[in-house]
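Student: Here it is, the structure, as structure tokens.
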Amino acid sequence: MGHSRLLLTSFTTKLRALEQSSQEAL
């Protein structure tokens, strides 16, 4: 269960980074 939570955190971090980079592109 802890592993899936870590995976979710990693996914969220990647998503936020992607969102931030897309905003910079605009």
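The sequence shown begins at 203 in the numbering used here and counts up by one.
Cβ coordinates follow ideal geometry from the N, Cα and C atoms, glycine included.
Please read these numbers as outputs of a predicted model, since none were measured by experiment.
(1) Please report the residue range of the alpha helix (DSSP H) in which Leu209 lies.
(2) If you draw a straight line from the C-alpha of Leu209 to the C-alpha of Thr215, how long is it?
(3) What's the gap between the Cα of Phe213 and the Cα of Leu220?
Tutor: To lay it out plainly:
(1) Your numbering for residue 209 matches position 7 in the sequence shown. Leu209: member of the alpha helix (DSSP H) spanning Gly204 to Ala227, first to last residue.
(2) Taking the sequence shown and counting its residues from 1, one reaches residue 209 at position 7. Taking the sequence shown and counting its residues from 1, one reaches residue 215 at position 13. Cα to Cα, the separation comes out at about 10 Å.
(3) Here the question's residue 213 lines up with position 11 in the sequence shown. Here the question's residue 220 lines up with position 18 in the sequence shown. Taken atom to atom, the span from the alpha-carbon of Phe213 to that of Leu220 is near 10 Å.
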